[in-house]
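>
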Amino acid sequence: MPKTSKRAATRRAEKIARAHATRLPEAPAPKKKEKRGPGYTPPKRGLARYPWAITLTILIIAAAIGAMYYYKVGPFAPPKPQPKTAAVSPCLKVVKQLTDSSPAPTGAAFNKIQHTYKAPPAMSINTNKIYCAGINTNRGLIVVELDPKLAPETVNNFVFLAQHHFYDGLKFHRVVPNYIIQTGDPKGDGSGGPGYTLPAEPVKGNYTAGAVAMAKPASGTANNGSQFFICVSDQPAKELTKSYNLFGHVVQGMDVVKKIQGPGDQPSQKNITPDVITHLIVVTAP
Numbered sequence: 003m004p005k006t007s008k009r010a011a012t013r014r015a016e017k018i019a020r021a022h023a024t025r026l027p028e029a030p031a032p033k034k035k036e037k038r039g040p041g042y043t044p045p046k047r048g049l050a051r052y053p054w055a056i057t058l059t060i061l062i063i064a065a066a067i068g069a070m071y072y073y074k075v076g077p078f079a080p081p082k083p084q085p086k087t088a089a090v091s092p093c094l095k096v097v098k099q100l101t102d103s104s105p106a107p108t109g110a111a112f113n114k115i116q117h118t119y120k121a122p123p124a125m126s127i128n129t130n131k132i133y134c135a136g137i138n139t140n141r142g143l144i145v146v147e148l149d150p151k152l153a154p155e156t157v158n159n160f161v162f163l164a165q166h167h168f169y170d171g172l173k174f175h176r177v178v179p180n181y182i183i184q185t186g187d188p189k190g191d192g193s194g195g196p197g198y199t200l201p202a203e204p205v206k207g208n209y210t211a212g213a214v215a216m217a218k219p220a221s222g223t224a225n226n227g228s229q230f231f232i233c234v235s236d237q238p239a240k241e242l243t244k245s246y247n248l249f250g251h252v253v254q255g256m257d258v259v260k261k262i263q264g265p266g267d268q269p270s271q272k273n274i275t276p277d278v279i280t281h282l283i284v285v286t287a288p
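Going by this note's numbering, 131 is the number at position 129 of the sequence shown; the sequence numbering is gapless.
Here it is as structure tokens:
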């Protein structure tokens, strides 16, 4: 260990002595709170210092809420429409009553059915009830819901003819693919009827797929008294003007409707063997 000189030791002792002799600075005395005079208002802090900013913020929020209300967005958006569920037809409960799988009437039996009348039948149905028609064909069963509220005179006429077996054994004398299938002519060529025509009734609906409506004779504006057609697909107004009494809709058997065959409008379709109505049954819906 190196030796310390006498002089160095003296200097060291002097430094230590001076350090012990130095007076530490005194801590500053706490400031006394100034007494405020009456009416003193403390200075504003934060946003309170900018009242114009508060006003502008409120206006922006109000404008945003107003815009959402006007355009119906955000919390003011209308509820999304729930998909409509198709009402179940009461006619689906009586399918068994509408089914007749027996063959169509023989030629002799067909000739015994009355196909000519002097005038439309008198009103005999209950217009507050729904009627169900089972169009039994050689392709299968077509179930139709008949609504008197659509066309009371037409439904009454259809029910009357069906109850008198008018339609049993009749051909589908006109079939246009993706358009209509037509039947109800006792002559089987599109020129016949029951001996009378039906007056026009307001068409309350559209000619959508499955719509059942009365056909018209080749001449005149009245509806045929017995011929009717079923739309195979939706038909816009440019294809079918609302002048054919609409009186029912298919509720079962659209697959059968699409299978029906018969002579069409084109020359190449004239010799197609027509399908037939074996039996047409009508009952009152439960």
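All residues carry an ideal CB built from backbone N, CA and C; glycine is no exception.
Would you be able to state if there are at least three C-beta pairs under 8 angstroms between the stretch 237-247 and the stretch 190-198?
With a cut-off of 8 angstroms, the stretch 237-247 and the stretch 190-198 do not count as touching, because too few Cβ pairs lie within range.
> Using 10 angstroms around the beta-carbon of Met3, count the other beta-carbons present and answer buried if the total reaches 16, otherwise exposed.
In this predicted model, Met3 has a pLDDT of only 45, less than 50, meaning its place in the structure is not dependable enough to derive any value.
> Taking Pro123 as the reference, which of Val214, Gly142, Ala164 and Ala211 has the closest Cα?
The shortest Cα separation from Pro123 among Val214, Gly142, Ala164 and Ala211 belongs to Ala164.
> Can you look up Met3 in the DSSP assignment and give me helix, strand or coil?
Residue placement at Met3 cannot be trusted, given a pLDDT of 45 that sits under 50; the coordinates are not used to answer.
> Using three-state DSSP, classify Tyr209 as helix, strand or coil.
Residue state, collapsed to three classes: coil.
> May I have the straight-line CA-CA distance separating Asn208 from Thr57, to the nearest angstrom?
Asn208 and Thr57: Cα-Cα distance of roughly 57 angstroms.
> With which residues is Leu248 paired in a DSSP beta bridge?
Ala215.
> Pull up the DSSP beta-bridge partners for Ala135, would you.
Looking at the DSSP assignment, Ala135 forms a beta bridge with Val146 and Val284.
> Using only alpha-carbon positions, find the residue among Leu100, Ala153 and Phe162 that is nearest to Ala135.
Ranking Leu100, Ala153 and Phe162 by Cα distance to Ala135 puts Leu100 first.
> Determine the DSSP secondary structure at Gln237, reduced to helix, strand or coil.
Residue state, collapsed to three classes: coil.
> Using only alpha-carbon positions, find the residue among Ile232, Val234 and Ala217 that is nearest to Asn226.
Among Ile232, Val234 and Ala217, the Cα nearest to that of Asn226 is on Ala217.
> Taking only runs that begin and end inside the stretch 69-107, name each unbroken beta strand (DSSP E) of 3 or more residues, in chain order.
Counting only runs of 3 or more, we get nothing.
> Just the C-alpha distance for His166 and Lys114, rounded to the nearest angstrom, thanks.
Distance between the alpha carbons of His166 and Lys114: 11 angstroms.
> Indicate whether the contact test is met: 3 or more Cβ pairs, each with one atom in the stretch 76-83 and one in the stretch 271-280, closer than 8 angstroms.
Judged by Cβ distances under 8 angstroms, the stretch 76-83 makes no contact with the stretch 271-280, as fewer than three pairs qualify.
> Which of helix, strand or coil does DSSP assign to Arg141?
If DSSP states are grouped into helix, strand and coil, Arg141 belongs with coil.
> Per DSSP, Val253 is paired with what?
Its beta-bridge partners do not exist; DSSP assigns none.
> Check whether the Cβ atoms of Gly250 and His175 sit closer than 8 angstroms, and answer yes or no.
Against a cut-off of 8 angstroms, the Cβ pair of His175 and Gly250 comes out as no contact.
> Can you give the Cα-Cα distance for Val96 and Val145, rounded to whole angstroms?
If I take the Cα positions, the gap works out to 10 angstroms.
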